Amino acid sequence: MSVKQMKPMNKQQKEKLKAERPHQILVEFLKNNTWFVVYWTGLGILSSVGLGTGLHTFLLYLGPHIASVTLAAYECNSLNFPKPPYPDDIICPDEPYVERIPSIWSIMSKVRFEAFLWGAGTALGELPPYFMAKAARLSGYDPDDAEELAEFEALKAKKNQKNLSFMDRGKLFMERVVERIGFFGILACAS
446 MSVKQMKPMN KQQKEKLKAE RPHQILVEFL KNNTWFVVYW TGLGILSSVG LGTGLHTFLL
506 YLGPHIASVT LAAYECNSLN FPKPPYPDDI ICPDEPYVER IPSIWSIMSK VRFEAFLWGA
566 GTALGELPPY FMAKAARLSG YDPDDAEELA EFEALKAKKN QKNLSFMDRG KLFMERVVER
626 IGFFGILACA S
């Protein structure tokens, strides 16, 4: 038996191969973008789960990413960067290209996927605390929270008084939102 060496395919052969196997386009897209989606969604989840560091992942990752895209856009007078995920350095496109100062909307459009995925991750990160709080509420009375509950019940008893502090009115408002709307109220307030 003889082993034949495969010749490298030219561009025309690659296009023909893609036409013969259209599912390859989807597979290639998923292969190229899975890490991008996992990365930004994971950072969003980490920002709302809270690991005790006190630092928000927006300040550490998304904010600097948006700033670097904005600075590069104004430096290059273009948004013709490579598609995400970006390399560590954003390199201006090769000449010739149309130079025009990008608008804030075009810059926002350039980072919209990263921001959306990060925001979706923060919403997903809010789910575990919500379900734990809901389960605790449905399970009944917890003696560890007796002091805080007594304080809140006293606050609810005097809620019709007009001399409530701003903080007390805020607590009562949040309690009404959570009672009436539930998860979507928490989601709206967390956003």
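Positions 446 to 636 (the numbering used here) are the ones given, in order, by the sequence shown.
All C-beta atoms in this analysis are idealised placements derived from N, C-alpha and C, irrespective of residue type, glycine included.
Model, not experiment: these values are computed from the prediction.
Check your understanding: What is the C-beta distance between glycine 615 and isoleucine 490, in whole angstroms, given that I count them as a contact (C-beta under 8 Å)?
Key -> What you label residue 615 is simply residue 170 of the sequence shown in a count that begins at 1. What you label residue 490 is simply residue 45 of the sequence shown in a count that begins at 1. Rounded, the Cβ-Cβ distance is 27 Å, inconsistent with contact.
Check your understanding: Does DSSP classify histidine 468 as helix, strand or coil?
Key -> Counting from one through the sequence shown, the residue named residue 468 turns up at place 23. DSSP, read as helix, strand or coil, puts histidine 468 in helix.
Practice item. Please go through the same chain and pick out, in chain order, the residues whose beta-carbon is closer than 6 Å to the beta-carbon of valine 639, but skip the five residues on each side of it. Key: The chain is shown from 446 up to 636; residue 639 falls before or after that span and cannot be answered.
Review point. Looking at C-beta atoms only, is the number of pairs between the stretch 506-519 and the stretch 544-563 that lie closer than 8 Å three or more?
Key: Short answer: they touch.
Review point. Contact check, serine 551 vs leucine 516 under 8 Å by CB: the rounded distance?
Key: As a position in the sequence shown, residue 551 is number 106, starting the count at 1. As a position in the sequence shown, residue 516 is number 71, starting the count at 1. Here serine 551 is actually not in contact with leucine 516; their C-beta atoms are around 14 Å apart, not less than 8 Å.
Practice item. Kindly indicate which three-state DSSP category aspartate 613 falls into: helix, strand or coil? Key: Within the sequence shown, residue 613 is the residue found at index 168, counting from 1. Helix at aspartate 613.
Review point. What do you reckon, are the CB atoms on threonine 479 and leucine 488 nearer than 8 Å?
Key: Sequence index remark: in the sequence shown, residue 479 carries index 34 (1-based). Sequence index remark: in the sequence shown, residue 488 carries index 43 (1-based). Result no, Cβ atoms of threonine 479 and leucine 488 do not sit closer than 8 Å.
Practice item. With tyrosine 575 as the anchor, note down where its alpha helix (DSSP H) starts and where it stops. Key: Numbered from 1 along the sequence shown, position 130 holds the residue referred to as residue 575. First-last of the alpha helix (DSSP H) with tyrosine 575: 557-584.
Practice item. Measuring alpha carbon to alpha carbon, tell me which of Cys634, Met553, Val472, Pro527 ends up nearest alanine 512. Key: Translated into the one-based positions of the sequence shown, residue 512 becomes position 67. Looking at the Cα atoms, Met553 is the closest of the given residues.
**Study point:** Contact set for cysteine 537: own chain, Cβ-Cβ below 6 Å, skip 5 residues either direction
**Key:** Within the sequence shown, residue 537 is the residue found at index 92, counting from 1. Shown here for cysteine 537: same chain residues with a beta carbon closer than 6 Å to its own, the five before and five after excluded, namely Cys521 in chain order.
Review point. If we ignore side chains and look at the alpha-carbon of each, how far apart do valine 483 and glutamate 544 end up?
Key: Within the sequence shown, numbered from 1, the residue matching residue 483 stands at position 38. Within the sequence shown, numbered from 1, the residue matching residue 544 stands at position 99. Looking at the two C-alpha atoms, the distance is approximately 34 Å.
**Study point:** Start-to-end residues for the alpha helix (DSSP H) that takes in glycine 627
**Key:** As a working note, residue 627 is residue 182 in the sequence shown. Run containing glycine 627: none; DSSP gives neither H nor E here.
Review point. Nearest chain C C-beta to leucine 475 closer than 8 Å, yes or no?
Key: The structure shown contains no chain C; it is built from a single protein chain.
Exercise for review: May I ask you to report which of helix, strand or coil DSSP gives arginine 621?
Suggested key: On the sequence shown, residue 621 is found 176 positions in, with the first residue counted as 1. Here arginine 621 carries a helix assignment [DSSP, helix/strand/coil].
Review point. Per DSSP, what kind of secondary structure is lysine 607 in: helix, strand or coil?
Key: As a first step, residue 607 is located in the sequence shown; it is residue number 162 there, counting from the start. Reduced to three states, the DSSP call for lysine 607 is coil.
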